[in-house]
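This is the structure:
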């Protein structure tokens, strides 16, 4: 069976090279990709989002996961609170003791 026969039997579009896909994505989403140049509130990278997810993966690797879904949910809420406090440049101990309405009033939205 030749390569052309294999391609003819496959469903969907013909796969493209990785570089070609990247070029197409950059050309169709240029304003989104370069938004950080015109809007200083947009970060250059998405490292903060990557770091937020990394802690959950690390916990999964070390302990093998959570015993119950509620434990995972509690862990996610606590990590989310600490991450938000850090990104908002709040003192974490003061944020823990503060009333939620006070924290909501202090939020800096991007």
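In full-length UniProt numbering, the protein residues as written are 1 to 110.
Just so it is clear, CB atoms sit at the ideal spot from N, CA and C, and this is done for glycine as well.
Being a predicted model, the structure only gives us computed values, none of them experimental.
Collapsed DSSP secondary structure at residue i in the structure displayed
| i | result |
| --- | --- |
| residue 19 | helix |
| residue 100 | helix |
| residue 45 | coil |
| residue 65 | coil |
| residue 12 | coil |
| residue 108 | coil |
| residue 94 | helix |
| residue 60 | helix |
| residue 70 | helix |
| residue 2 | coil |
Nearest-angstrom Cα separation, counted from residue j out to residue i
| i | j | result |
| --- | --- | --- |
| residue 59 | residue 75 | 10 angstroms |
| residue 10 | residue 41 | 45 angstroms |
| residue 105 | residue 23 | 43 angstroms |
| residue 18 | residue 44 | 23 angstroms |
| residue 13 | residue 94 | 55 angstroms |
| residue 55 | residue 61 | 10 angstroms |
| residue 37 | residue 85 | 26 angstroms |
| residue 111 | residue 69 | Since the displayed the chain opens at 1 and closes at 110, residue 111 lies outside it and no answer follows. |
Range of the contiguous alpha helix (DSSP H) that encloses residue i
| i | result |
| --- | --- |
| residue 146 | There is simply no residue 146 to check, as the chain begins at 1 and stops at 110 in what is shown. |
Contact belief for residue i with residue j at Cβ below 8 angstroms, rounded distance in angstroms
| i | j | result |
| --- | --- | --- |
| residue 83 | residue 52 | 5 angstroms |
| residue 48 | residue 87 | 7 angstroms |
| residue 81 | residue 72 | The Cβ separation is near 15 angstroms, so there is no contact. |
Any C-beta of chain C under 8 angstroms from that of residue i
| i | result |
| --- | --- |
| residue 90 | Here chain C cannot be found, since the structure has a single protein chain. |
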